[in-house]
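Chemist: Encoded as structure tokens, here's the structure I'll be asking about.
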Amino acid sequence: MAKARVKAPKKAKAGDIVTIKTLITHKMESGRRKNKKTGELIPRHIIDKFTAKFNGTEFFSADWHGAVSANPYMSFSYKAEKSGEFEFIWHDEKGEETVKKSKITVA
Amino acid sequence: MTKMTILKRSKLLAAALGGMMIGFGTANTVVADDLAAFKVGDKHSGYVYTAKETRALQDDDFENPAMLWVEEGEALWSKAGPNGKSCASCHEDAAAMKGVAAVYPKYDAKNKKMINIEQMINREIVEKTGGKALKWESKPLLALTAFVSLQSRGMPVAVKTDGEAAPFLAKGKAFFYKRRGQLDMACKHCHEDNAGNMIRADLLSQGQANGFPTYRLKWQKIGSLHRRFRGCNKNIRAKPFKAGSDEYVNLELYVKSRGAGLNMEAPSVRR
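Same order as they appear, the protein sequences are chains A and B.
Under my numbering, the first sequence is numbered contiguously, ending at residue 107.
Under my numbering, the second sequence is numbered contiguously, ending at residue 1271.
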């Protein structure tokens, strides 16, 4: 299972634009590499969708394709209006989902 | 040794290296003053030769992808082996490892030769926790090495080179200056004579070891110094030695001794 890291502020003032950084371990196998011994193609296995939600509502998402590096890093901004919980979801082609949550208090 | 004399050595070599030599030239990369922490005298860490985007990855512990391995290593630190003991059972806090990575490879009286950090971790796993030795370049060994090395971050490299270590240092030094492979090049041709120059599209570094294990963007994962040695040897079309071989451990000692005083950066990020 992939291991994810998220850096999101725990506290913010209303109206602040906060930066959220995410990182996940994934080999992001492109499907173009060959097994050196047998010459067979290694089947593609990548994360194809990243979604960020706040209190259950999606506010950011990205479709990832073959050229994304291994262990992808993603950073984006969010305008904090109220307290709640972020939810980050990485969905891979085999249907596996890695979910990470983080709370924020808006004063 | 100048590039002219390398070219004179043989026509075949000249043909093989032709493209490469054209690539040599003074790099215009401006080396900023804020790099003082990465320089000691004329010794420059690989950081100095790295693109600023790559430096930014290393500077921020969150963005540094090697930290994913460090986290894994932290978990392994307190994971019990078959006999119920973990690293933490004896060493408790990982802070006990402060400065350890900076002084390896060390002379090992038991085997009467040098032992490096990976080998020491493996010995402890076998002798103290009753576990099986981890494979070189395997995820758990890289993770533990990265975690242990991180504890020495910012401390100067200080390998012991006198006394019992002296003959091994001499062997490592001989390796560094010995020509090998089809291209008939020694480590020193790139990393001593041409550090700071371009080799085709790449900027040559001094080949310092203070950032290992390092996350290499080319590898898309963290890797050991011996993996880097093997890559270098393959590039000059020499037959690489095995990771963990005596030849490479001695070379590691010499490479670290020539970078003595540079701050430990492990786990670093390089292109």
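Ideal Cβ positions, reconstructed from N, Cα and C, are used throughout, including at glycine.
Computed from a predicted structure; not experimentally measured.
1) Sorted by chain position, which residues of the same chain lie with C-beta nearer than 7 Å to B:V1157's C-beta, five sequence neighbours on each side aside?
2) Please tell me whether B:A1238 and B:R1180 are closer than 8 Å, where the distance is taken between their beta carbons.
3) Any idea which residues DSSP pairs A:Y73 with across the strands?
4) So, does the CB of B:K1242 fall closer than 8 Å to a CB anywhere in chain A?
5) Can you tell which of B:K1218, B:I1199, B:K1112, B:A1143 has its C-alpha closest to the C-alpha of B:I1121?
6) Quick check: the Cα distance between B:V1148 and B:A1266, rounded to an integer number of angstroms?
7) Can you say whether A:A107 is buried or exposed, counting buried as having 16 or more other CB atoms within 10 angstroms of its CB?
8) Identify whether B:R1216 lies in helix, strand or coil by the three-state DSSP scheme.
9) With a cut-off of 8 Å on the beta carbons, I'd call A:H91 and A:I47 a contact; round off their distance for me.
10) By the 10 Å Cβ neighbour count, where 16 or more other Cβ atoms means buried, how is B:G1084 classified, buried or exposed?
11) Which of the three DSSP states is assigned to B:P1140 in this structure?
12) Under 7 Å between beta-carbons, which chain B residues line up against A:K94? List them in chain order, please.
13) Using the Cβ count rule (16 or more neighbours within 10 Å means buried), how would you classify A:H65?
14) Could you spell out where the alpha helix (DSSP H) holding B:R1270 opens and where it closes?
15) What is the residue span of the beta strand (DSSP E) that A:K103 lies within?
16) Using 10 angstroms around the beta-carbon of B:S1045, count the other beta-carbons present and answer buried if the total reaches 16, otherwise exposed.
17) Smallest Cα separation from A:F59: which of A:A70, A:E40, A:P43, A:A80?
18) Would you grab the beta carbon distance between B:G1172 and B:L1225 for me? Rounded to a whole angstrom, and I think it's under 8 Å.
19) Could you check if B:N1213 is buried or exposed, using at least 16 other CB atoms within 10 Å of its CB as the buried criterion?
20) Is A:K100 closer than 8 Å to A:V6 when the C-beta atoms are compared?
21) Is A:R44 close to chain B, meaning its C-beta is less than 8 Å from at least one C-beta of that chain?
22) When the cut-off is 8 Å and only beta carbons count, does A:R32 lie next to chain B?
23) Can the beta-carbon of A:K49 be found less than 8 Å from the beta-carbon of A:S61?
24) Counting only beta-carbon atoms, is B:E1063 nearer than 8 Å to chain A?
25) Closer than 7 Å: is that where the CB of B:A1102 sits relative to any heavy atom of the ligand SAH?
26) Exposed or buried, which one is A:T57 when buried takes at least 16 other CB atoms within 10 Å?
27) Measure from the C-beta of B:K1221 to each C-beta in chain A and report whether the shortest distance is under 8 Å.
28) With 8 Å as the threshold, decide whether the Cβ of B:L1068 is near any Cβ in chain A.
29) Could you tell me which chain B residues have their CB closer than 8 Å to the CB of A:K73, listed as they occur along the chain?
30) Distance, Cα to Cα, B:N1064 vs A:A70?
31) Grab me the residues of A:R33's own chain with a C-beta within less than 6 Å of its C-beta, minus the 5 sequence neighbours each way, in chain order.
32) Given that A:S83 touches chain B, what residues does it touch there, using C-beta distances under 9 Å?
33) Rounded to the nearest angstrom, what separates B:N1197 and B:V1126 at their Cα positions?
34) B:V1249 and B:A1066: beta carbons closer than 8 Å?
35) How is the beta strand (DSSP E) around B:K1052 delimited, first residue to last?
36) Secondary structure at B:D1162, three-state DSSP: helix, strand or coil?
Modeler: In brief:
1) Start at 1 with the first residue of the second sequence, and residue 1157 of chain B comes out as number 157. Around B:V1157: A1102, N1210, K1256, G1259, A1260, G1261, L1262, M1264.
2) Along the second sequence, one-based indexing puts residue 1238 of chain B at 238. Along the second sequence, one-based indexing puts residue 1180 of chain B at 180. Yes, the Cβ-Cβ distance between B:A1238 and B:R1180 is below 8 Å.
3) The sequence position of residue 73 of chain A within the first sequence is 73, counting from 1. Bridge partners of A:Y73: A:L23.
4) Working through the second sequence from its first residue, we reach residue 1242 of chain B at position 242. Contact with chain A is absent for B:K1242, since none of that chain's Cβ atoms lies less than 8 Å from the residue's Cβ.
5) Translated into positions along the second sequence, residue 1121 of chain B becomes position 121. Closest by alpha carbon: B:A1143.
6) Taking the second sequence and counting its residues from 1, the one referred to as residue 1148 of chain B is at position 148. Taking the second sequence and counting its residues from 1, the one referred to as residue 1266 of chain B is at position 266. In a straight line, the C-alpha of B:V1148 is about 9 Å away from that of B:A1266.
7) If you number the first sequence from 1, residue 107 of chain A lands on position 107. So A:A107 counts as exposed.
8) Here residue 1216 of chain B is taken as the residue at index 216 of the second sequence, counted from 1. Strand.
9) Taking the first residue of the first sequence as 1, we reach residue 91 of chain A at position 91. Taking the first residue of the first sequence as 1, we reach residue 47 of chain A at position 47. The C-beta separation of A:H91 from A:I47 comes to about 7 Å, placing the pair in contact by the 8 Å criterion.
10) As a first step, residue 1084 of chain B must be located in the second sequence, where it is residue number 84. Classification of B:G1084: exposed, given that the 10 Å Cβ count is below 16.
11) As a working note, residue 1140 of chain B is residue 140 in the second sequence. B:P1140 falls in the helix class under three-state DSSP.
12) Taking the first sequence and counting its residues from 1, one reaches residue 94 of chain A at position 94. Correct list: empty, because the minimum Cβ distance to chain B is about 20 Å.
13) Here residue 65 of chain A refers to the residue found at position 65 when the first sequence is read from its first residue. A residue is called buried when at least 16 other Cβ atoms come within 10 angstroms of its Cβ; A:H65 does not meet this threshold and is exposed.
14) Translated into the one-based positions of the second sequence, residue 1270 of chain B becomes position 270. Element bounds for B:R1270: not the alpha helix (DSSP H) but the beta strand (DSSP E), 1268-1270.
15) As a working note, residue 103 of chain A is residue 103 in the first sequence. First-last of the beta strand (DSSP E) with A:K103: 97-106.
16) Walking along the second sequence from the start, residue 1045 of chain B turns up at place 45. With 16 or more other Cβ atoms within 10 Å, it is buried.
17) Taking the first sequence and counting its residues from 1, one reaches residue 59 of chain A at position 59. That would be A:A80, whose Cα lies nearest to the Cα of A:F59.
18) Stepping through the second sequence from its first residue, residue 1172 of chain B is reached at position 172. Stepping through the second sequence from its first residue, residue 1225 of chain B is reached at position 225. About 12 Å; that fails the 8 Å criterion.
19) Taking the first residue of the second sequence as 1, we reach residue 1213 of chain B at position 213. Position check: residue 1213 of chain B holds Pro in this sequence, whereas Asn was assumed. Label assigned to B:P1213: buried.
20) Position 6 of the first sequence holds residue 6 of chain A. Position 100 of the first sequence holds residue 100 of chain A. With respect to the 8 Å criterion, A:V6 and A:K100 are classified as neighbours on the basis of their beta carbons.
21) Reading the first sequence from its first residue, position 44 is the one you call residue 44 of chain A. Interface annotation, A:R44: not in contact with chain B, CB-CB separation never under 8 Å.
22) For the purposes of this step, residue 32 of chain A is identified with residue 32 of the first sequence, where counting begins at 1. It does not: the Cβ of A:R32 has no partner Cβ on chain B nearer than 8 Å.
23) Taking the first residue of the first sequence as position 1, residue 49 of chain A is located at position 49. Taking the first residue of the first sequence as position 1, residue 61 of chain A is located at position 61. In contact: A:K49 and A:S61 (Cβ atoms closer than 8 Å).
24) Locating residue 1063 of chain B in the second sequence gives position 63, where the first residue counts as 1. Closer than 8 Å: yes.
25) Among the components modelled here there is no ligand, and therefore nothing to report on the ligand SAH.
26) One-based indexing of the first sequence puts residue 57 of chain A at position 57. Label assigned to A:T57: exposed.
27) For the purposes of this step, residue 1221 of chain B is identified with residue 221 of the second sequence, where counting begins at 1. It does; some Cβ of chain A falls within 8 Å.
28) What you label residue 1068 of chain B is simply residue 68 of the second sequence in a count that begins at 1. Output row for B:L1068: interface = yes.
29) Within the first sequence, the letter at position 73 stands for residue 73 of chain A. One detail in the question is off: residue 73 of chain A reads as Tyr in this sequence, not Lys. Within chain B, the residues E1063, P1065 have their CB atoms less than 8 Å from the CB of A:Y73, given in chain order.
30) Within the second sequence, numbered from 1, the residue matching residue 1064 of chain B stands at position 64. Within the first sequence, numbered from 1, the residue matching residue 70 of chain A stands at position 70. If I take the Cα positions, the gap works out to 13 Å.
31) Locating residue 33 of chain A in the first sequence gives position 33, counting from the first residue. Only I42 meet the Cβ criterion.
32) As a working note, residue 83 of chain A is residue 83 in the first sequence. Among the residues of chain B, none has a CB under 9 Å from the CB of A:S83; the nearest is roughly 23 Å distant.
33) If you number the second sequence from 1, residue 1197 of chain B lands on position 197. If you number the second sequence from 1, residue 1126 of chain B lands on position 126. Approximately 44 Å between the Cα atoms of the pair.
34) What you label residue 1249 of chain B is simply residue 249 of the second sequence in a count that begins at 1. What you label residue 1066 of chain B is simply residue 66 of the second sequence in a count that begins at 1. At the C-beta level, B:V1249 and B:A1066 stay beyond 8 Å of one another.
35) For the purposes of this step, residue 1052 of chain B is taken as the residue at position 52 of the second sequence. Counting along the chain, B:K1052 falls outside any beta strand (DSSP E), though it belongs to the alpha helix (DSSP H) covering 1052-1059.
36) As a first step, residue 1162 of chain B must be located in the second sequence, where it is residue number 162. Reduced to three states, the DSSP call for B:D1162 is coil.
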